[in-house]
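Colleague: I am attaching a structure below and will ask some questions about it afterwards.
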Amino acid sequence: DSGVTQTPKHLITATGQRVTLRCSPRSGDLSVYWYQQSLDQGLQFLIQYYNGEERAKGNILERFSAQQFPDLHSELNLSSLELGDSALYFCASSVGGQGETQYFGPGTRLLVL
Amino acid sequence: AQSVAQPEDQVNVAEGNPLTVKCTYSVSGNPYLFWYVQYPNRGLQFLLKYITGDNLVKGSYGFEAEFNKSQTSFHLKKPSALVSDSALYFCAVRDPNSGYSTLTFGKGTMLLVSP
Chain A
28 DSGVTQTPKH
38 LITATGQRVT
48 LRCSPRSGDL
58 SVYWYQQSLD
68 QGLQFLIQYY
78 NGEERAKGNI
88 LERFSAQQFP
98 DLHSELNLSS
108 LELGDSALYF
118 CASSVGGQGE
128 TQYFGPGTRL
138 LVL
Chain B
101 AQSVAQPEDQ
111 VNVAEGNPLT
121 VKCTYSVSGN
131 PYLFWYVQYP
141 NRGLQFLLKY
151 ITGDNLVKGS
161 YGFEAEFNKS
171 QTSFHLKKPS
181 ALVSDSALYF
191 CAVRDPNSGY
201 STLTFGKGTM
211 LLVSP
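Chain order of the listed sequences is A and B.
To convert, take the position in the first sequence, counting from 1, and add 27; that gives this note's numbering.
To convert, take the position in the second sequence, counting from 1, and add 100; that gives this note's numbering.
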């Protein structure tokens, strides 16, 4: 158990809908990262927050957004969902310094029908 | 830009034999390198990392990796494989000159250890 929690574990929804994925980092970690894992794209970095501020952006679609709250938990919002958005979404956290290890949550499996 | 390659989609090894999972990287400066393992329906688990210092890094579950700067490689090794080592292995790289902590992952290598 990494100490990173993600809810829900599974999510089934329809095209065009909007969903919110939630992540709680390990105690003491200030950075939160979101990744998407799919069979064809592999593990893709989406976005990073550090202590409430956006720190880095990767291959995140404009239909997706995220935020980190004062208690350091983070939410990833996915809107206007398409079939191709079906994937595993992972959250990871780290202390926030140089060379630090990222610890991953168990993931949310999203299925868009 | 940073990148990492795992040239093998799958590695097969018999239990008790040594295993190697290959990884090569590309960064502009000195890299930070990581190995993670993913078991079915689970998140990624950290195995080991190289930041600086000794080129041979020891990690969890008896795994080790050797940093080779001239060959830009960071291969994962274990002297004696276990069936329970069967999983998906990811190599990741970070360019410390980027200023941020983003990791770039390889596509993963499936390790299958047969009894």
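Just so it is clear, CB atoms sit at the ideal spot from N, CA and C, and this is done for glycine as well.
Applying the criterion that 16 or more other CB atoms from any shown protein chain within 10 Å of the CB defines a buried residue, is Thr135(A) buried or exposed?
Modeller: Classification for Thr135(A): buried.
Colleague: Any idea what DSSP makes of Val31(A), helix, strand or coil?
Modeller: Reduced to three states, the DSSP call for Val31(A) is coil.
Colleague: Less than 7 Å between the C-beta atoms of Phe205(B) and Phe190(B), yes or no?
Modeller: Contact flag set, yes.
Colleague: What beta strand (DSSP E) runs, 3 residues minimum, are completely inside the segment 51 to 98 of chain A?
Modeller: Counting only runs of 3 or more, we get 58 to 65, 69 to 77, 80 to 84, 91 to 95.
Colleague: Could you check which residue in Cys50(A), Gly111(A), Ser29(A), Gln33(A) has the C-alpha nearest to that of Gln94(A)?
Modeller: Here the closest residue by C-alpha is Cys50(A).
Colleague: Quick check: what's the CA-CA separation for Asp109(B) versus Gly208(B)?
Modeller: Cα to Cα, Asp109(B) sits roughly 7 Å from Gly208(B).
Colleague: Pairing CB atoms from the segment 59 to 69 of chain A with CB atoms from the segment 116 to 133 of chain A, are three or more of them under 8 Å?
Modeller: At 8 Å Cβ cutoff, the stretches touch.
Colleague: What's the C-alpha gap between Lys178(B) and Tyr136(B)?
Modeller: Going by the C-alpha atoms only, they are around 14 Å apart.
Colleague: By Cβ distance below 6 Å, which residues in the same chain neighbour Leu70(A) in space, the five residues on each side in sequence not counted?
Modeller: So the list reads Tyr62, Gln64, once near-sequence residues are dropped.
Colleague: Check for me: the beta strand (DSSP E) holding Asn168(B) runs from which residue to which?
Modeller: From DSSP, the beta strand (DSSP E) with Asn168(B) extends over 164 to 168.
Colleague: Cα separation between Ser128(B) and Gln171(B)?
Modeller: Computed Cα separation, rounded: 14 Å.
Colleague: Exposed or buried, what is Tyr143(A) when buried is set at 16 or more other beta-carbons lying within 10 Å of its beta-carbon?
Modeller: Residue coverage of chain A in this structure runs from 28 to 140, which leaves residue 143(A) outside it and unanswerable.
Colleague: Where does Pro131(B) land, buried or exposed, given buried means 16+ other C-beta within 10 angstroms?
Modeller: So Pro131(B) ends up on the buried side.
Colleague: Give a yes or no on whether the C-beta atoms belonging to Ile74(A) and Leu138(A) are separated by under 7 Å.
Modeller: No; because the gap between Cβ atoms is not below 7 Å, this pair is not in contact.
Colleague: Under 7 Å, do Thr42(A) and Leu105(A) count as touching if we go by C-beta distance?
Modeller: Not in contact: Thr42(A) and Leu105(A) (Cβ atoms no closer than 7 Å).
Colleague: Which partner residues of Ala187(B) appear in the DSSP bridge assignment?
Modeller: DSSP lists Leu211(B) as partners of Ala187(B).
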